[in-house]
Amino acid sequence: MNKIFIVGNWKMNPQTSREAIHLLSSIKTRIENTKKVEVVICPPFVYLAGIGKKKSAKIRLGSQDCFWEEKVAFTGEVSSLMLKDLGCSYVIVGHSERRKYFHESDTMINKKLKSVLGQGLRPILCIDKVSQIKKDIKGIPEKKVKKIILAYEPIWAIGTGKACSFKQAKKFNLSIKRVLGKNHPVLYGGSVSSQNALGYIKEAQFQGLLIGGASLKPKEFVKVIELMA
Ligand code: 13P
Numbered sequence: 001m002n003k004i005f006i007v008g009n010w011k012m013n014p015q016t017s018r019e020a021i022h023l024l025s026s027i028k029t030r031i032e033n034t035k036k037v038e039v040v041i042c043p044p045f046v047y048l049a050g051i052g053k054k055k056s057a058k059i060r061l062g063s064q065d066c067f068w069e070e071k072v073a074f075t076g077e078v079s080s081l082m083l084k085d086l087g088c089s090y091v092i093v094g095h096s097e098r099r100k101y102f103h104e105s106d107t108m109i110n111k112k113l114k115s116v117l118g119q120g121l122r123p124i125l126c127i128d129k130v131s132q133i134k135k136d137i138k139g140i141p142e143k144k145v146k147k148i149i150l151a152y153e154p155i156w157a158i159g160t161g162k163a164c165s166f167k168q169a170k171k172f173n174l175s176i177k178r179v180l181g182k183n184h185p186v187l188y189g190g191s192v193s194s195q196n197a198l199g200y201i202k203e204a205q206f207q208g209l210l211i212g213g214a215s216l217k218p219k220e221f222v223k224v225i226e227l228m229a
């Protein structure tokens, strides 16, 4: 059976490394059964090393972004190679906040995907329109496309408490699968909580969840994980 992905995107939280370690410990000590679940935590870049050292074997490390080049002069950027070296297994690519606030285009996202895949890491490609997929995966061989985890995140549902209905989310899930194949892993993200989490898996048939706000609340986040188990 395919594992369910529960991915916590901490975004620009928490505000200090001490709090980050505390948040990780609160999650780590609560997690028991992860047999059927792949738990991934994506903290800000600056906490990756610390979280990587303190996490348990039940938690995988992910990054929220990366740059597409490997070296030379790109002030402020972090490469996929560096992320791999820090122990990351996953990289979120093309989150709507990056598309919106940092003007990331499909061409840039395409380069990022190629870089992440080139390092043998798994990208979590965020989209809110099915039409973005073909542009984002352009030129990537089919074998590598299979390694990309899709995440459907309707922009209006992010951080608003207005989660997408299971029916509508399922429609998008099926449309994505029409492009990538019926067994392709697709996650849902946008105001996920322990109240609605199971519905996205059972009713809307997603293979996991990309969670923002609720991933910063250890009890709530672990409750979602336990529901999957
Ligand atoms: P919320 O769960 O806070 O709505 O955020 C979703 C998200 O953007 C995860 O990447």
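Once you know that position 18 of the sequence shown is 18 in this note's numbering, the rest is easy, because the numbers rise by one and skip nothing. Yeah, the Cβ is synthetic: ideal placement off N, Cα and C, and Gly gets one too.
Assign residue i to one of three DSSP states: helix, strand, or coil.
i	result
A57	coil
G190	coil
G50	helix
G181	coil
K217	coil
F74	coil
E226	helix
Bridge partners of residue i, per DSSP?
i	result
E38	F5
C88	L61
F166	For F166, which the question treats as bridged, DSSP gives no partner whatsoever.
F67	S79
G208	F5
Spatial neighbours of residue i within its chain, please: CB distance less than 8 Å, with the 5 preceding and 5 following residues excluded, ordered by chain position.
i	result
V145	I137 and L180
I51	A20, I21, L24, I41, P43 and L61
V46	S17
K84	Q119, G120 and L121
Taking 8 Å as the threshold (beta carbon to beta carbon), is residue i in contact with chain C?
i	result
I41	Of the protein chains in this structure there is only one, and it is not chain C.
Note down, in chain order, each residue of its chain lying with its Cβ closer than 6 Å to the Cβ of residue i, except the 5 sequence neighbours on either side.
i	result
A49	L86
For ligand 3, any of its heavy atoms closer than 7 Å to the Cβ of residue i?
i	result
G139	In the structure shown, ligand 3 is absent; the only ligands present are ligand 1.
Short of 7 Å in beta carbon distance, which residues of its chain neighbour residue i, apart from the five on each side in sequence? Order them along the chain.
i	result
N13	L216
T307	No answer is possible for residue 307: it lies beyond the span of the chain, which begins at 1 and ends at 229.
K3	K36, V37 and E38
Extract the residue ranges of the alpha helix (DSSP H) inside the segment 93–161, only unbroken runs of 4 or more that lie entirely within it.
96–101, 106–118, 131–136 and 142–145
If contact is defined by three or more beta carbon pairs under 8 Å, each pair taking one atom from either stretch, is the segment 181–193 in contact with the segment 205–212?
yes
Between the segment 99–108 and the segment 73–83, do three or more beta carbon pairs fall short of 8 Å?
no
Would you check if there are 3 or more beta carbon pairs closer than 8 Å linking the segment 154–170 to the segment 115–126?
Judged by Cβ distances under 8 Å, the segment 154–170 makes no contact with the segment 115–126, as fewer than three pairs qualify.
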